[in-house]
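Notes follow the structure.
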Amino acid sequence: MGKFWRKKVLMGGIEATYGTPLAIGSCAAIQAKNVAFNPAEGADKDLAHETPMMGNSASLPIDKHATLSFQTDLVGSGTAGTPPAFATMLRAVGMAETVTPGTSVVYNPVSDALDSATFWLNVDGVLYAFAGTRGTAKLVLNASSEPMIEWSFTALYSAPTDAAPVVPDLSSWLKPKAVSKANTPIFTIDGASLFLRSFTLDLACQVEPRFLANKEEIALVDRAEMIQAQIEAEALAVFNPWSLADAQAGPVWVLQHEAAAGRTIRIDVPAGQMLRPGAPTEAQGIKELPLNAKPMPIAGNDQFTLTFT
-3 MGKFWRKKVL
7 MGGIEATYGT
17 PLAIGSCAAI
27 QAKNVAFNPA
37 EGADKDLAHE
47 TPMMGNSASL
57 PIDKHATLSF
67 QTDLVGSGTA
77 GTPPAFATML
87 RAVGMAETVT
97 PGTSVVYNPV
107 SDALDSATFW
117 LNVDGVLYAF
127 AGTRGTAKLV
137 LNASSEPMIE
147 WSFTALYSAP
157 TDAAPVVPDL
167 SSWLKPKAVS
177 KANTPIFTID
187 GASLFLRSFT
197 LDLACQVEPR
207 FLANKEEIAL
217 VDRAEMIQAQ
227 IEAEALAVFN
237 PWSLADAQAG
247 PVWVLQHEAA
257 AGRTIRIDVP
267 AGQMLRPGAP
277 TEAQGIKELP
287 LNAKPMPIAG
297 NDQFTLTFT
């Protein structure tokens, strides 16, 4: 009988030693959607042997690695000071975790001592391993939809095997609330309270699979965060993105979703350099503005924070 695509169990955890896979029992279940993967990315190098007859030359498989992408809901743990259910993924995209028990969990980008993760994906009895994993992510909050994070990972190659799936415990994954007036109380740029249609913070991490003699690594070597947003247009006296862009200003951006303890999510960008706005557009007959900004470091590794309280 064929294998069912829908029968997936995804597990993940932070590695103690880079590239050494965590046991499945040490990993936490991930409530994911739109899972896509390729267990054998790479290239096939043609040996190009010259022969007296027509026909193929043998090839060598080289630079084998794996890719994995999926989405998760962006929602708190339900308890202030407890990391969200997707904490493993945040650390695997180059972020540090600071826990203040009973109060908050804060994530910020870092440039050194980067974590890596192991993921296990079972698709109807076939088990795929993703060790030494690092990647990038997008935080997406669009009106009238659930907030989510889009993850894109690269991992070392492992051959798939037959294995019975574990029974996942998804109790730490709470149901999200839609981005709306009631649930998303704060969105400001440069102190101006604005009405938001869509917001994306792209971490834009540069991930490089490195294949050397006696070394294989998935390296996170750089990042270039970018914000894209679309807002309802205001009088220029209230908010003038063209003036901010002309001045190469880096205003403060703040976005908060939910307000209950354990569920409050806040994105702070202390210096989001405003780029040239896109062409004004309309939605439902109302003028709207597409905005673009670059989160800029101030002291370093502080271009944004993601806080759960």
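If you use my numbering, the sequence shown corresponds to residues -3 to 305, in order. A virtual CB, placed ideally from N, CA and C, is assigned to each residue, including glycine. Please read all numbers here as calculations on a predicted model, not as lab measurements.
**Request:** Assign Leu43 to one of two classes, buried (16 or more other C-beta atoms within 10 Å of its C-beta) or exposed (fewer than that).
**Result:** On the sequence shown, residue 43 is found 47 positions in, with the first residue counted as 1. It is exposed - the Cβ of Leu43 has fewer than 16 other Cβ atoms within 10 Å.
**Message:** According to DSSP, simplified to helix, strand and coil, what is Gly9?
**Reply:** Walking along the sequence shown from the start, residue 9 turns up at place 13. Three-state result, Gly9: strand.
**Prompt:** Excluding five sequence neighbours on each side, which residues of the same chain lie with their C-beta closer than 8 Å to the C-beta of Gln299?
**Reply:** Taking the sequence shown and counting its residues from 1, one reaches residue 299 at position 303. Answer for Gln299: Pro105, Glu221, Val265, Pro266, Ala267, Pro291, Met292, Pro293, listed in chain order.
**Prompt:** How big is the Cα-Cα spacing for Ser141 and Ala229?
**Reply:** Here residue 141 refers to the residue found at position 145 of the sequence shown. Here residue 229 refers to the residue found at position 233 of the sequence shown. Straight-line Cα distance between these residues: approximately 21 Å.
**Request:** Please work out which residues of its chain come closer than 7 Å, Cβ to Cβ, to Val122, disregarding the five sequence neighbours upstream and downstream, and give them in chain order.
**Result:** Position 126 of the sequence shown, counted from the first residue, corresponds to residue 122. Cβ neighbours of Val122 beyond the five flanking positions: Lys(-1), Pro156, Asp158.
**Asked** Near Lys3, what residues of its chain come up, given a Cβ to Cβ distance below 6 Å and the 5 sequence neighbours on each side ignored?
**Response** Here residue 3 refers to the residue found at position 7 when the sequence shown is read from its first residue. Asp120.
**Request:** State yes or no: is the C-beta of Leu6 within less than 8 Å of the C-beta of Val31?
**Result:** Indexing the sequence shown from 1 puts residue 6 at position 10. Indexing the sequence shown from 1 puts residue 31 at position 35. Closer than 8 Å, so yes.
**Request:** Report yes if the C-beta distance between Thr132 and Ser148 is below 8 Å; otherwise report no.
**Result:** In the sequence shown, residue 132 corresponds to position 136, counting from 1. In the sequence shown, residue 148 corresponds to position 152, counting from 1. Result yes, Cβ atoms of Thr132 and Ser148 sit closer than 8 Å.
**Prompt:** Going by beta carbon distance, what residues of the same chain come within less than 7 Å of Glu160, once the five residues before and after it are set aside?
**Reply:** Position 164 of the sequence shown, counted from the start, is the residue given in the question as residue 160. Correcting the residue identity first, residue 160 is Ala in this sequence and not Glu. Contacts found: Gly121.
**Request:** Starting from Trp116, trace the beta strand (DSSP E) both ways and give me its first and last residue.
**Result:** The residue given as residue 116 occupies position 120 in the sequence shown. Run containing Trp116: 113 to 119, per the beta strand (DSSP E) assignment.
**Message:** If I measure Cβ to Cβ from Gly74 and keep anything under 6 Å in the same chain, skipping five residues before and after, which residues do I get?
**Reply:** Within the sequence shown, residue 74 is the residue found at index 78, counting from 1. Closer than 6 Å at Cβ, skipping near neighbours: Leu170, Gly258.
**Prompt:** What are the complete beta strand (DSSP E) segments, minimum 3 residues, inside the stretch 182 to 239?
**Reply:** 182 to 185, 192 to 198, 201 to 208, 211 to 219, 222 to 228
**Message:** Could you compute how far the alpha carbon of His45 sits from the alpha carbon of Leu208?
**Reply:** Here residue 45 refers to the residue found at position 49 when the sequence shown is read from its first residue. Here residue 208 refers to the residue found at position 212 when the sequence shown is read from its first residue. The alpha-carbon atoms of His45 and Leu208 are separated by roughly 24 Å.
**Request:** Could you tell me if Gly281 is buried or exposed, where buried requires 16 or more neighbouring beta carbons within 10 angstroms of its beta carbon?
**Result:** Within the sequence shown, numbered from 1, the residue matching residue 281 stands at position 285. When all chains shown are included, Gly281 counts as exposed.
**Request:** Just tell me which of Ala113, Val101, Pro97 has its CA closest to the CA of Arg87.
**Result:** Position 91 of the sequence shown holds residue 87. Per the Cα distances, Ala113.
**Integer Cβ distance of Ala139 from Gly15, believed to fall under 8 Å** = Here residue 139 is taken as the residue at index 143 of the sequence shown, counted from 1. Here residue 15 is taken as the residue at index 19 of the sequence shown, counted from 1. With a Cβ gap of about 41 Å, Ala139 and Gly15 do not count as contacting.
**Request:** Determine, using beta carbons only, whether Tyr153 and Ala215 come nearer to each other than 8 Å.
**Result:** The residue labelled residue 153 in the question sits at position 157 within the sequence shown. The residue labelled residue 215 in the question sits at position 219 within the sequence shown. Not in contact: Tyr153 and Ala215 (Cβ atoms no closer than 8 Å).
**Prompt:** Helix, strand or coil for Gly21 per DSSP?
**Reply:** Locating residue 21 in the sequence shown gives position 25, where the first residue counts as 1. In the structure shown, Gly21 sits in a helix (DSSP, three-state: H, G or I).
**Item:** Contacting residues, own chain, Cβ-Cβ under 8 Å from Ser189 (five flanking each side not counted)
**Value:** For this step, residue 189 is matched to residue 193 along the sequence shown. Ile182, Phe183, listed in sequence order.
**Item:** Backbone secondary structure at Asp165 - three-state DSSP
**Value:** Position 169 of the sequence shown holds residue 165. The answer is coil: DSSP assigns Asp165 none of H, G, I, E or B.
**Prompt:** Under the rule that 16 or more other beta-carbon atoms within 10 Å means buried, what is Glu278, buried or exposed?
**Reply:** By one-based count along the sequence shown, residue 278 stands at place 282. It counts as exposed.
**Residues that Ala267 bridges to, as DSSP identifies them** = Numbered from its first residue, the sequence shown carries residue 267 at position 271. Bridge partners of Ala267: none, in fact.
**Message:** Within 10 Å of its beta-carbon, does Phe191 have 16 or more other beta-carbons around it, so buried, or fewer, so exposed?
**Reply:** Translated into the one-based positions of the sequence shown, residue 191 becomes position 195. Label assigned to Phe191: exposed.
**Asked** Which partner residues does Asn138 have in the DSSP bridge list?
**Response** One-based indexing of the sequence shown puts residue 138 at position 142. Per DSSP, Ser194.
**Request:** Inspect the beta-carbon positions of Gly9 and Met85 and report whether they are closer than 8 Å.
**Result:** In the sequence shown, residue 9 corresponds to position 13, counting from 1. In the sequence shown, residue 85 corresponds to position 89, counting from 1. No, they are not a contact pair.
**Item:** Straight-line Cα distance separating Ala28 from Ala256
**Value:** For the purposes of this step, residue 256 is taken as the residue at position 260 of the sequence shown. For the purposes of this step, residue 28 is taken as the residue at position 32 of the sequence shown. For Ala256 and Ala28, the distance between alpha carbons rounds to 24 Å.
**Prompt:** Can you tell which of Ala241, Gln252, Thr260, Ala19 has its C-alpha closest to the C-alpha of Tyr124?
**Reply:** As a working note, residue 124 is residue 128 in the sequence shown. Ranking Ala241, Gln252, Thr260, Ala19 by Cα distance to Tyr124 puts Ala19 first.
**Asked** Looking at Asp186 and Leu137, is the spacing between their C-beta atoms short of 8 Å?
**Response** In the sequence shown, the residue the question calls residue 137 occupies position 141. In the sequence shown, the residue the question calls residue 186 occupies position 190. Not in contact: Leu137 and Asp186 (Cβ atoms no closer than 8 Å).
**Request:** Answer with buried or exposed for Asp165, where buried requires no fewer than 16 other C-beta atoms within 10 angstroms of its C-beta.
**Result:** If you number the sequence shown from 1, residue 165 lands on position 169. Asp165 is exposed by the Cβ-count criterion.
**Asked** DSSP on Asp40, reduced to helix/strand/coil?
**Response** Against the sequence shown, residue 40 aligns to sequence position 44. Three-state DSSP puts Asp40 in a strand.
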